[in-house]
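See structure below.
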Amino acid sequence: MSHDTIVVLDYGSQYAQLIARRVREANVYCELFSWRTPAERVMALNPRGIILSGGPNSVYDTDAPTLPKYVLESGIPILGICYGMQLLTHTLGGNVAGSTHREYGPAEVTVDVDENPLFANLFGQPTEGSAHNTLKVWMSHGDKVEQLAEGFEPLAHSGGSPFAASADLSRNYYCVQFHPEVVHTPMGSQLLSNFVHEICGCAADWTPANYIEEQVASIQQQVGAGRVVLGLSGGVDSSVAAALIHRAIGDQLTCVFVDHGLLRMGEGAQVVQTFEREQGMNLIAVNAIEEYLGALAGVTEPERKRKIIGEKFVRIFEREANKLGKIDYLAQGTIYPDVIESASHDDTSAKTIKSHHNVGGLPEDMTFALVEPLRSLFKDEVRKIGTALGLPDSIIWRQPFPGPGLAIRCLGEITWERLEKLRAADAIFTSELRAAGMLRRGTAQAFAVLLPVKSVGVMGDGRTYEEVLALRAVTTEDFMTADWARLPYELLARVSRRIVNEVAGINRVTYDITSKPPGTIEWE
Ligand code: XMP
């Protein structure tokens, strides 16, 4: 089945991925490309509409990103957002005013036309005393449009922008100065939905059920009677990939789960319970704890730890895969943001490049064909597919966990005893957060870190000299920047009391109040 598709051209906006996510939330397939991508690649998707994202440039900058010719030649509807609006206006002969004054933050936009498809269903019933043609929006721009291009008419204004929205109705070109994709524009999702459904005429056929059906067919076609091996970590991506491939080819899939002893409390058992017992998959659970601890003995330097763990994984995975006899395919839980990030490495307008790699990566000298059924999905879509496939919430809503596991949260030397201490403290923190309803909402990631520091305390009548534990909890949208979570004092007090009382060898608990930047989320 091919889907009606929308393309987002990325002009360097930190929100570009969000635009694509919002379009998909309106059940329309959407892909993101750099504005520099060759026309053939973009047009090969046969898009029904193109959205131009915002970006950090002014159209007057030397080397400012431009509007590729094919976009206008395609004859399909266009929506320009922020820089996209300025670029479209500038290219078509309107006037954009350079300005050193930024309009940044919440604003109110007044819609000046009675009927326009972009603004359909955005306003509730008029109530007495309240304007029903105003929208709360998020603005973030320096330059602004001062004169519309020929053929365009104004649709809306704000205090800072005489043309907060405009359109050329005959060509189906639309522009908004504000950001409909961010949560601070509450009706923005509806506006984007209007663009893709009402203006571009896309069908609402991008749904979890359709996706599963299509992928099952495509995996069956790709794999035929072949055999597939997948490295299962228990994280969301590899778990959902396993469940989807298993739905398609059943016993032709074998999952390999390597327990390196660096997991959180109960996680190893949970993987076996979920995938072997409940889902009935072929699962090889390898107990490699001794092997990892041996290799890590005496190592304190973080990068060394990461390297050892990554290399070990490759070797163990290879060894297990070789025992299986002939394997034709290697399956991976690669998701869309991984694909976009690796594709944008040589693109200077992409400002964020992830530096971490999961240890579940492909062994370099293994030459399998790949099965990657989640390659086009965002994380929230992966979760929806996983739920539709019957995976439990405990897997679907698992917090991101670094590939090297507790190794990078156990600062200093890694010993089994210190790992057990860390696991116990982490479990107390997590269970208290869960009880307070703050594990899924309120924190994006929360964990304990064991420090290689001892401090003095007093317990009963005696002095103690034991290790220090740090608690870390952050809020973040994208893990590139983060803030420390403002957890309630009472909750922190309870967690600290319980850890010092219940976990032998820890006599002091601290809470990390550093944002990222300048800190990072993990300590190592
Ligand atoms: P930082 O510490 O860089 O973390 O702010 C951002 C996100 O990446 C995760 N992280 C890792 N994931 N291997 C991984 O697979 C690693 O070595 C690693 N280091 C950090 C971290 O948990 C957070 O979600």
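If you read the sequence shown in numbering that gives the first Met the number 0, its first letter stands for residue 0, the second for the next number, and so on. For glycine and all other residues, C-beta sits at the position ideal for the given N, C-alpha and C.
A direct Cα-Cα distance of roughly 28 Å separates Y172 from P336. Relative to the ligand XMP, F256 has its C-beta separated by 7 Å or more from all heavy atoms.
For L17, there is no enclosing beta strand (DSSP E); the residue is part of the alpha helix (DSSP H) that begins and ends at A15 to E24. Linking R303 to A287 through their CA atoms gives a straight-line distance of about 19 Å.
Excluding five sequence positions before and after R417, the CB atoms of its chain that fall closer than 7 Å to its own CB belong to C409 and L449, given in chain order. Positions of the alpha helix (DSSP H) runs, each at least 4 residues long and wholly inside the stretch 443-521, are given as 488-501 in order along the chain. Judged by DSSP in its simplified three-state form, G83 adopts helix. DSSP places L229 in the uninterrupted beta strand (DSSP E) bounded by V227 to G230. Assigned with DSSP and collapsed to three states, W415 falls in helix. By DSSP's assignment, C254 forms a beta bridge with L229 and L282.
Taking C-beta separations shorter than 7 Å and ignoring five residues to either side along the sequence, the partners of M280 in its chain run A241, H245, L252, C254 and F274, following chain order. Counting only residues of its own chain and dropping the five nearest sequence neighbours on each side, A106 has a CB closer than 6 Å to the CB of V136, M138 and S157. A distance of 8 Å or more separates the beta carbons of L78 and V108. Boundaries of the beta strand (DSSP E) harbouring N94: N94 to A96, taken from the DSSP string.
For H140, the pairing in a beta bridge is given by DSSP as E102.
Under the 8 Å Cβ criterion, the stretch 435-443 does not count as touching the stretch 460-471, having fewer than three qualifying pairs.
Apart from sequence neighbours up to five positions away, the residues of its chain that approach S514 with a beta-carbon distance below 7 Å are A481, D482 and W483, ordered along the chain. DSSP places I75 outside any alpha helix (DSSP H), giving it a letter other than H or E.
Proximity of the beta carbon of G230 to the ligand XMP is not indicated: no heavy atom of the ligand is located closer than 7 Å.
Of all C-beta pairs linking the stretch 65-79 to the stretch 161-181, three or more are shorter than 8 Å, placing the two stretches in contact. According to the DSSP assignment, H245 belongs to the alpha helix (DSSP H) that extends over V235 to I248. Sorting E266, A96, G402 and K378 by C-alpha distance to the C-alpha of F312 places G402 at the top. By the neighbour-count criterion, in which a residue is buried when 16 or more other Cβ atoms sit within 10 angstroms of its Cβ, P37 is exposed. Taking all protein chains shown into account, T4 has 16 or more neighbouring C-beta atoms within 10 Å of its C-beta and is therefore buried. For the ligand XMP, a non-hydrogen atom lies closer than 7 Å to the CB of K515.
Residue Q214 holds the alpha-carbon nearest to the alpha-carbon of S1 among G159, A19, G93 and Q214. Taking the Cα of Y510 as reference, the smallest distance to any Cα among P517, V502, V494 and R318 is reached at V494. For L8, the uninterrupted beta strand (DSSP E) segment begins and ends at T4 to D9. Distance between G93 and M479, taken at the CA atoms: about 36 Å. As the crow flies, the alpha-carbon of E290 is around 18 Å from that of G230. Taking 7 Å as the cut-off, one finds no heavy atom of the ligand XMP near enough to the beta carbon of P153. With fewer than 16 other CB atoms across the displayed protein chains lying within 10 angstroms of its CB, L323 is exposed.
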